[in-house]
Amino acid sequence: MFDFDFNLIWEFQPDLINWTEINPAWGADSYYNNPIDYGWTHLNDVDFLFGSEHNTTYDSLLISINRFDLVLLLNFTAEFNEHLVGDDFGSVENIYWWYGPGEINLQHNPDMLPNGNIIICDSHGGRVIEVNKATKEIVHTISSAGGKSFVIVKDADYNPINDNYLITDSGNNRIVIIDNTGELLWEWKKDLAIPYEADWLENGNILISGATSGVIQEISFLDAKVVLSYFANSGKDFYVITTRTVCIFILIISSLTFTNRLLIILKLRKTEETFSIWQWVRLSLSIILFFAFLFLSIFARRIVYSVTFIVLVTLQRRRGIT
Ligand SMILES: [Ca+2]
Ligand SMILES: [Ca+2]
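Just so you know, we're using our numbering here: the sequence shown kicks off at 1470 and counts up by one.
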């Protein structure tokens, strides 16, 4: 946490916590107590919860530690006050609630619901769950929309006004809205590549973070149209444009080769010479290349996104993050 002059005034440091004190099952040898240099926690979400809005005398932080499969609630007021008198960052006694290990797999974006329960995207479990905070029981599960199972779901915003859910089904490259019975009300798929999250805007539109595509889109909910696109790559989707340029270059080369072969055929016909097998191979190859790269250049965006997705998932699996 920073003050208005960007001075660090507080931080949460999982490496200073003895995790065995939270759960005796996590011993000295466990992953929790053995920090590694890179990506040990992958802490991927934190929400500030004002005590006045959640019936507590203190403010809290709802924190998601992705690699720990752990969601926790931290008494921020106590933490901050202890830090002021010189305590380390992250006291075990200030973690007053936790949930996850053995239940969820590499979660994203937990939120506290108006009823006090916690909604969590169990990303690699392919579901969104609502956990009763008092009993730690799962009281509601959503695992599909429109007949399609979720794949690496990363964001689920509950809208208490309309009693529906805005869900980012990242692995299926789509944003969906479903009602509390699970019925699909709305779906958006255009130009999405592993979207990270979606939020309702005050004007009734939906803001989508494209993550892998580097594109942020504002979608008109009523017209199902893109109102605004912001490309992080200086206004250009760099990888897509590069792929398309390479494809068009090969397209031109193959069509020139094709034309060249045709001219040779016509010339040979006049002299009544025959076309050699090698020349037929080159002619066929140029035709195949032409149509292959025509296809690739038309679908460049989707292909780049799909390949990126496959590479990312493969790398994650190699690191043991499945
Ligand atoms: Ca959240
Ligand atoms: Ca959201």
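Beta carbons: idealized from backbone N, C-alpha and C, even for Gly.
- Straight-line spacing of the CA atoms in Trp1749 and Ser1723 works out to 14 Å.
- Excluding sequence positions up to five before and after Asp1484, its CB lies within less than 6 Å of the CB of Pro1504, all in the same chain and listed in chain order.
- The C-beta separation of Leu1531 from Pro1579 comes to about 6 Å, placing the pair in contact by the 8 Å criterion.
- Gly1640 is positioned such that its CB atom lies closer than 9 Å to that of Ile1621.
- Contact between Thr1489 and Ala1497 is confirmed by a C-beta separation of about 7 Å, below the 8 Å threshold.
- At least one heavy atom of ligand 2 falls within 8 Å of the beta-carbon of Thr1637.
- In the three-state reduction of the DSSP assignment, Phe1759 falls in the helix class.
- Of all residues, those with a beta-carbon under 5 Å from at least one heavy atom of ligand 1 are Asp1514, Asp1516, Asn1578 and Asp1580, reported in chain order.
- Counting of Cβ neighbours within 10 angstroms places Trp1657 among the buried residues, the total reaching 16 or more.
- For Glu1666, the enclosing beta strand (DSSP E) starts and ends at Glu1666 to Trp1669.
- DSSP places Asp1648 in the uninterrupted beta strand (DSSP E) bounded by Arg1643 to Asp1648.
- For the set Ile1663, Thr1526 and Asn1586, the Cα lying nearest the Cα of Phe1545 is the one of Thr1526.
- The region 1760 to 1769 and the region 1708 to 1726 touch, with three or more beta-carbon pairs separated by less than 8 Å.
- Distance from the CA of Phe1537 to the CA of Gly1594, rounded to the nearest whole angstrom, comes to 14 Å.
- The continuous beta strand (DSSP E) containing Ile1685 extends over residues Val1684 to Ser1689.
- Each of Ile1710, Ser1698 and Tyr1500 was checked against the Cα of Val1773, and the nearest Cα belongs to Ile1710.
- Rounded to whole angstroms, the separation of the alpha carbons of Glu1562 and Pro1493 is 14 Å.
- Listed in chain order, the alpha helix (DSSP H) elements of length 4 or more contained wholly in the region 1526 to 1577 are 1545 to 1553.
- Between the C-alpha atoms of Leu1763 and Leu1781 there is a straight-line separation of about 26 Å.
- Within the chosen limit of 8 Å, ligand 2 does not reach the beta carbon of Asp1632 with any heavy atom.
- Of the residues Glu1742, Met1581, Ala1693 and Trp1567, the one whose Cα lies closest to the Cα of Lys1605 is Trp1567.
- Put simply, of Leu1725, Trp1479 and Lys1739 the residue whose alpha carbon is nearest the alpha carbon of Ser1753 is Leu1725.
- Relative to ligand 2, the beta carbon of Glu1666 is positioned inside 8 Å of a heavy atom.
- Between ligand 2 and Asp1591, a heavy atom-to-CB distance of less than 8 Å is absent.
- Looking at the DSSP output, Leu1765 sits in no beta bridge, so it has no partner there.
- Our two residues, Gly1508 and Leu1732, have alpha carbons roughly 59 Å apart in a direct line.
- Annotation for Thr1610: the continuous beta strand (DSSP E) segment containing it runs Ile1607 to Ile1611.
- Distance check between Asp1632 and each of Ser1618, Leu1582 and Ile1756 places Leu1582 closest, using alpha-carbon atoms only.
- Between the C-alpha atoms of Ile1589 and Ala1693 there is a straight-line separation of about 27 Å.
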